[in-house]
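Asker:
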Amino acid sequence: MSNAKTLQKQTLEKTSQPAKKKRSPWVTVWMSLKKNKSAMFGLIIILILIFCALTADFIAPYGFDDQDLMARFQTPNSKHWFGTDNFGRDILSRVIYGSRISLQVGFIAVGISMFTGGALGAIAGYYGGKMDNVIMRFMDILLAIPGILLAISIVAALGPGLQNVMIAVGIGSIPSYARIVRASVLSIRDQEFIEAAKAVGANDFRIITKHIIPNSMAPIIVQATLGVAGAILSAAGLSFIGLGIQPPTPEWGAMLSTGRQFLRDHWHIATFPGLAIMITIFALNLLGDGLRDALDPRLKS
Amino acid sequence: MSEIITEKKELIVVENLKKYFPIKSGLFKKTVKYVRAVENISFTIKEGETLGIVGESGCGKSTTGRTLLRLLEKTEGEVYFDGKPVFDLPKDELRKLRTDMQMVFQDPYSSLNPRMTVGEIVGEALSEHGIARGQENVEMVKDIIEKCGLAPYHIRRYPHEFSGGQRQRIGIARALALKPKFVVCDEPVSALDVSIQSQVLNLLMDLQQEMGLTYLFISHDLSVVKHISDRIGVMYLGSMVELAPKDELYDNPLHPYTQALLSAIPLPDPRNRRKRIILKGDIPSPSNPPSGCRFHTRCPYVMDQCKVEVPEFREAKPEHFVSCHLIK
């Protein structure tokens, strides 16, 4: 009886083999990511933050602009878990609402710089010569202008607003991605498997997207996870001088800079948005490291 | 064997091929000099034949192979593949031609994309040329890797899970997936250890028989070349100094460089000592090659004529070409 059962099990396993074969590469990445505990921890935090951003209207105890001037500068207590700010607004609610703007700015600005910078760097590194020179000298021009100054001039030209802030912050960090991608493309371009792809007749687009980019992912992922933090803070800088998100819309960076003036007497105003930024970056770093390892088949056990 | 070969048509014709690499320096990247990697090479390869090319490192063997396939652009000369001029073809026709000429690379570690499975690596060519997609592609890949001595289930694995010899088999499978007519083997066994070398060589020879392949076999190992080739060309500093059927070349080398090279083959019997011809000096730089015969700086029989005049590459005996002033 038991013999028959194991036999059945074996045949079952055999028939399930072809199904296993069709598993897409993303599923295998997910499987190995799932084994990485710290990456999963990071992913859960990110998902919680995204959940907060989506359901802020329901989970925030107060509105983000409900002022209670009688209850200014309250330290954390049972009614206001994170305390209140200089207008008596509940900081917890503002942190929750702020995740909407801050996550958006962080992800989209990094997305803009990663895709444009990555594409430019890949083209410069792969084709070399004049193309490389033109693109990289242009990047040098961008690098020569201080990032915040560049962002200010772009926002000043486009006008304030969330969308323009994201564009401005994104453009500011294009050069660093372009340089990173170019460097790793240069090291991969001369490997024999690229030549083999050329011998097969693959076109440049396929060589870049299938052979070069996947092999130069690791530094881009690390840079991008760190870049989200930079983007949130740059957006805060723009808000601080009145070019970014307009008050009373809450934004972590802006909350941090308003909290700065009361730092000596009221520590909690700047602390909580700061913690929110820190936790986001920490989670992204864990996730980024895990993703980098999961995308590398050599590290698969 | 040789009778059959002479009846066959010439698949590859190389005429006065030159490949120079520019050396750029200065602020505006002006070309100051050229590395003359390949200088005036002419030869033909007949269908179904293996032409071996030997020479020391840096003599332009690999450059010759890569330029033949137009992986590098030529500087001068022309290559005809089956009558078609390889360097004058428009892009789309060149792409079609790529299905007929393939390459096996030297380093089995850097020649396979570490992020692609064996199935993707071997099947890439098939889907790229629209020959087979999906399940059909998988079946064809399984078929070809089995021919190359791997198991069908290997297609889901990544290159790092294989040994050097197995990786080289993957490289061979990739080259043969398109059922090419002509394969350039660029030192395919020099990165493998000796016991694996013979396996891979025999695999290449079996596949040649089975699929009617034509090989250009590049190596610096004289015994490997002797084992696999029908004819052998000897290169020195970018030019071909001698070209002959293998037995003729090994029994009766005419060029002083070939004689020196052959005397360096180690003999398995320690009592049977052969007189080594030791060449003096180093190989000159290809960016500043010697005048006249390129070998004159190291040739034991150098004459005044050699320093001025470039010797012609001519047929000294039937099928035996040599470029040396000594041979009349």
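For the record, the sequence lines run as chains L and Y. Quick note on the working numbering: the first sequence kicks off at 90 and runs consecutively. Quick note on the working numbering: the second sequence kicks off at 394 and runs consecutively. Every residue gets a Cβ at the ideal spot worked out from N, C-alpha and C, and that includes glycine.
Counting only the same chain and skipping the five closest in sequence on each side, list residues whose C-beta sits under 7 Å from that of H355 (chain L).
Answerer: F162.
Asker: Considering only DSSP beta bridges, list what A637 (chain Y) is partnered with.
Answerer: Bridge partners of A637 (chain Y): Y:I625.
Asker: Which partner residues does L609 (chain Y) have in the DSSP bridge list?
Answerer: DSSP lists Y:L444, Y:V577 as partners of L609 (chain Y).
Asker: Mind listing which residues of the region 676-688 of chain Y have their C-beta closer than 7 Å to chain L's C-betas, in chain order?
Answerer: Going along the region 676-688 of chain Y in chain order, one finds no residue with a Cβ nearer than 7 Å to chain L.
Asker: For the region 123-147 of chain L, which residues have a CB atom closer than 9 Å to at least one CB atom of chain Y, in sequence order?
Answerer: So the list is empty, because no residue satisfies the distance condition.
Asker: Take R189 (chain L) and list the residues in its own chain whose beta-carbon comes closer than 7 Å to its own, dropping the five residues that flank it on each side.
Answerer: Within the same chain, R189 (chain L) has close Cβ partners A142, A145.
Asker: Report the CB separation of L609 (chain Y) from G458 (chain Y) in whole angstroms; it is logged as a contact under 8 Å.
Answerer: Confirmed, Cβ separation roughly 6 Å.
Asker: List the residues of chain L that Q495 (chain Y) touches, going by C-beta distances under 7 Å, in chain order.
Answerer: Chain L residues near Q495 (chain Y): A288.
Asker: Count the CB pairs spanning the region 403-421 of chain Y and the region 470-489 of chain Y that are closer than 8 Å, and state whether there are at least three.
Answerer: The region 403-421 of chain Y, when compared against the region 470-489 of chain Y, does touch it at the 8 Å Cβ threshold.
Asker: To test your reading of the DSSP string, which unbroken alpha helix (DSSP H) runs of 4 or more residues are found completely within the region 435-504 of chain Y?
Answerer: Correct list: 454-461, 484-490.
Asker: Select from Y:E442, Y:K426, Y:G419 the residue whose C-alpha is nearest the C-alpha of L597 (chain Y).
Answerer: Among Y:E442, Y:K426, Y:G419, the Cα nearest to that of L597 (chain Y) belongs to Y:E442.
Asker: Measuring CB to CB, does P646 (chain Y) end up less than 8 Å from C692 (chain Y)?
Answerer: The answer is no: Cβ separation not under 8 Å.
Asker: Listing by chain order, which chain Y residues have their CB less than 7 Å from the CB of F282 (chain L)?
Answerer: Correct list: S503, S504, L505, N506.
Asker: Using a beta-carbon distance below 8 Å, is A544 (chain Y) in contact with chain L?
Answerer: Output row for A544 (chain Y): interface = no.
Asker: Which residues bound the alpha helix (DSSP H) around R271 (chain L)?
Answerer: 263-278 is the extent of the alpha helix (DSSP H) around R271 (chain L).
Asker: Taking the alpha-carbon positions, what's the I230 (chain L) to I224 (chain L) distance?
Answerer: Taking the straight line joining both Cα atoms gives about 10 Å.
Asker: Do I611 (chain Y) and E580 (chain Y) have their C-beta atoms closer together than 8 Å?
Answerer: Cβ atoms of I611 (chain Y) and E580 (chain Y): closer than 8 Å.
Asker: With the cut-off set at 8 Å, would you say F329 (chain L) and N175 (chain L) are in Cβ contact?
Answerer: Cβ atoms of F329 (chain L) and N175 (chain L): not closer than 8 Å.
Asker: Starting from the beta carbon of R271 (chain L), find every residue of chain Y whose beta carbon is closer than 9 Å, and list them in chain order.
Answerer: Those within 9 Å of R271 (chain L) in chain Y number zero; the least Cβ separation is about 18 Å.
Asker: Between which two residues does the beta strand (DSSP E) holding H713 (chain Y) run?
Answerer: That run of the beta strand (DSSP E) goes 713-715.
Asker: Starting from A723 (chain Y), trace the beta strand (DSSP E) in both directions and tell me its first and last residue.
Answerer: What is shown of chain Y runs 394 to 721, which leaves residue 723 (chain Y) out entirely.
Asker: Look up Y151 (chain L) in the DSSP assignment and say whether it is helix, strand or coil.
Answerer: In this structure, Y151 (chain L) counts as coil in the three-state DSSP scheme.
Asker: Applying a beta-carbon distance threshold of less than 8 Å, which residues of chain L neighbour H553 (chain Y)?
Answerer: Within chain L, the residues near H553 (chain Y) are P386, R387.
Asker: For G206 (chain L), I'd like the list of residues in its chain whose CB is within less than 6 Å of its CB, leaving aside the five on either flank, ordered along the chain.
Answerer: For G206 (chain L), where only same-chain residues beyond five positions count, the Cβ hits under 6 Å are I263, Y266, A267.
Asker: Spell out a yes or no on whether the region 419-430 of chain Y and the region 537-553 of chain Y are touching, meaning 3 or more CB-CB pairs, one atom from each, closer than 8 Å.
Answerer: No, they do not touch.
Asker: According to DSSP, is A359 (chain L) helix, strand or coil?
Answerer: Three-state result, A359 (chain L): helix.
Asker: Starting from the Cα of A320 (chain L), find the closest Cα among L:L136, L:A246, L:M203 and give me that residue.
Answerer: Comparing Cα positions, the closest option is L:M203.
Asker: Which value, in whole angstroms, describes the spacing of the CA atoms of A570 (chain Y) and G210 (chain L)?
Answerer: The straight-line gap from Cα to Cα measures roughly 33 Å.
Asker: Rounded to whole angstroms, how far is the Cβ of P339 (chain L) from the Cβ of Y186 (chain L), which I believe are closer than 8 Å?
Answerer: Right, the Cβ-Cβ distance comes to about 5 Å (below 8 Å), so this counts as a contact.
Asker: Leaving out five residues before and five after S127 (chain L) in sequence, what residues of the same chain have Cβ atoms less than 8 Å from its Cβ?
Answerer: Answer for S127 (chain L): L375, D378, G379, listed in chain order.
Asker: Taking a cut of 7 Å between CB atoms, which residues from the region 515-540 of chain Y lie near chain C?
Answerer: No chain C is part of this structure, whose protein chains are labelled L and Y.
Asker: Could you name the residues of chain Y that N374 (chain L) contacts, counting a contact when the two beta carbons are closer than 8 Å?
Answerer: Result: empty, since nearest Cβ-Cβ is about 23 Å, beyond 8 Å.
Asker: Are the Cβ atoms of I416 (chain Y) and S680 (chain Y) separated by less than 8 Å?
Answerer: Their beta carbons are under 8 Å apart, which means I416 (chain Y) touches S680 (chain Y) by this criterion.
Asker: In chain order, what residues of the same chain have a beta carbon less than 6 Å from the beta carbon of V317 (chain L), not counting five sequence neighbours either side?
Answerer: Within the same chain, V317 (chain L) has close Cβ partners G195, V199, L373.
Asker: Flag F498 (chain Y) as yes if its beta-carbon sits less than 8 Å from any beta-carbon of chain L, otherwise no.
Answerer: Output row for F498 (chain Y): interface = yes.
Asker: How long is the line joining the alpha carbons of I309 (chain L) and V270 (chain L), rounded to whole angstroms?
Answerer: Rounded to whole angstroms, I309 (chain L) to V270 (chain L) spans 7 Å at the Cα level.
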